[in-house]
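Below you'll find the structure, written out as structure tokens, and then a few comments.
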Amino acid sequence: MIVLYDPDTLLHDTVELVGAKIRSALESPARTRTIVEKLSESGEHGLRTIQSPLTSDDPSELKALLSIIERTHGREYLDHLKNAFDQWRAEQLIEQHENILPECFVYPTKAHSDPRPPKDLFARAGYFAFDMSSGIMFQTYRSVIASANLASESVSYLLDFKHSHGAPSVFALCRPPGHHCDGNRAGGYCYVNNVAVCISKYRSLSVSGEFARIGILDLDFHHGNGTQELYYSDPQVFYASIHGEDEFPYYTGADSETGAGDAVGANLNLPLATGSDFGEYMKKLNQALIALRDFRPEFLVVSLGFDTFHLDPLGSFQISTEHYALIAAGVRRVLADLPTVILLEGGYALEHLGENVKSFLEGWEARM
Ligand code: OKS
Ligand code: ZN
């Protein structure tokens, strides 16, 4: 399996609020570092280092990536991600080593169904986010672009058969993750929706284009509210998610959320109770896989989180390292040979993250 990595994804290093304390975010550069270390030492997986278009001499690369990202995200939102830190610095609201965290969030009112972006810098930080787990530091934008570029490049690799052997699949070590953010709001450590980047890129490159039927399998412990939102009324995209019930992001992920308009039936939420074990997990996984197979997609994106691990600080499932190989093999068994991009989402048990990723990749390739 081809594994894509970009050292620029290590630059973003922010803080989060836990109770009344500010601490280093669990979503840290050490996550990717430990995975890369583990995959390099075993050498079996084709780890490739990609260069972000922000570090490239060719400006057309950045332009091409931004045009893909802009199919999902608003120009003003992207400018905010790019410029907010420097604007806060210019107004001396923040020190170079500090982070922007929002102060006031938009919420539904009777008077305003469509609030506009405010001018005030403090206010803007809250307008373009839905929580306080998506701080902006001076290098956040560089990592966000590098992460989205890995998602985009993974599709280029997938469709470029000279790089693939047999059943084509590519794993992108995206960081920051993407499944919580929608077109105009960061949240849950996510800034640009990397799944949406894959889908837009796939539509731009594939023969079927806008007519392509696409499946999304979200295996992160948390519901991918951003991804669900983006494709909720798109009948060409089937979103299936297994996640902790009543967990972050709290307001989405119920099994009653089945899609809208023409896309009713193309959204499948499979919430699992706190403390669920591997057996319970596999029942939901098989349900998700059969629904995806019945949708007959030509392309699959997997949002892969390792926060389902039993020792994860943000999860509650009882999944262990060997189980990831069985989960991966299960996906391959039902969705055999479907061209697939796998994107890294969450997973915070640093001491086990590398071996968990390795286990998943071994199961994917072995088809146990
Ligand atoms: C507390 C952390 C909030 C949970 C964010 C969930 C991140 C994640 N500040 N999403 O998949 O792993
Ligand atoms: Zn997660």
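Residues in the sequence shown are numbered from 917 upward in steps of one, following our numbering.
Idealized CB from N, CA, C, for every residue including glycine.
Only a predicted model underlies this, so the values are computations on that prediction, with no experimental measurement involved.
Note to self: For residue 1288 and residue 1055, what's the separation of their Cα atoms in angstroms?
What the structure shows: A query on residue 1288 cannot be resolved here, the shown segment of the chain reaching from 917 to 1284 and no further.
Check: What is the rounded straight-line gap between the Cα of residue 1171 and the Cα of residue 1261?
Finding: 22 Å
Next item on the list: Note down the Cα distance separating residue 978 from residue 1196, rounded to an integer number of angstroms.
Entry: 44 Å
Next item on the list: Report yes if the C-beta of residue 994 is less than 8 Å from at least one heavy atom of the ligand ZN; otherwise report no.
Entry: no
Next item on the list: Examine the ligand OKS and report whether any of its heavy atoms sits within less than 8 Å of the Cβ of residue 1048.
Entry: yes
Check: Going straight from the alpha carbon of residue 1269 to that of residue 1226, what length do you get?
Finding: 12 Å
Item checked: Which of helix, strand or coil DSSP assigns to residue 1206 -> helix
Notebook entry, point to check: In angstroms, rounded to a whole number, what distance separates the CA positions of residue 1190 and residue 965?
Noted result: 37 Å
Note to self: Please identify the residue among 1236, 1138 and 1274 whose C-alpha is closest to the C-alpha of residue 957.
What the structure shows: 1274
Check: Looking only at its own chain, which residues have a Cβ that is under 8 Å from the Cβ of residue 1186, when we skip the five neighbours before and after it?
Finding: 1156, 1157, 1158, 1159, 1171, 1200, 1203 and 1204
Next item on the list: Check whether the Cβ of residue 1268 lies closer than 8 Å to any heavy atom of the ligand ZN, and answer yes or no.
Entry: no
Check: Looking at C-beta atoms only, is the number of pairs between the segment 1060 to 1068 and the segment 966 to 974 that lie closer than 8 Å three or more?
Finding: yes
Checklist line | Check whether residue 1049 and residue 933 have beta carbons under 9 Å apart | finding: yes
Next item on the list: Return helix, strand or coil for residue 935, following the three-state DSSP convention.
Entry: coil
Margin query: I'd like to confirm something about residue 1317: is its beta-carbon nearer than 8 Å to some heavy atom of the ligand OKS, or not?
Written below: Nothing can be reported for residue 1317, as the shown portion of the chain is limited to 917 through 1284.
Notebook entry, point to check: Any chance the segment 1096 to 1109 sits against the segment 1121 to 1131, with 3 or more Cβ pairs inside 8 Å?
Noted result: no
Check: Out of 1241, 1277, 1276 and 1087, which has the shortest C-alpha to C-alpha gap to residue 1216?
Finding: 1087
Next item on the list: Return the residue from the list 1143, 1180, 1192 and 1179 that minimises the CA-CA distance to residue 1168.
Entry: 1143
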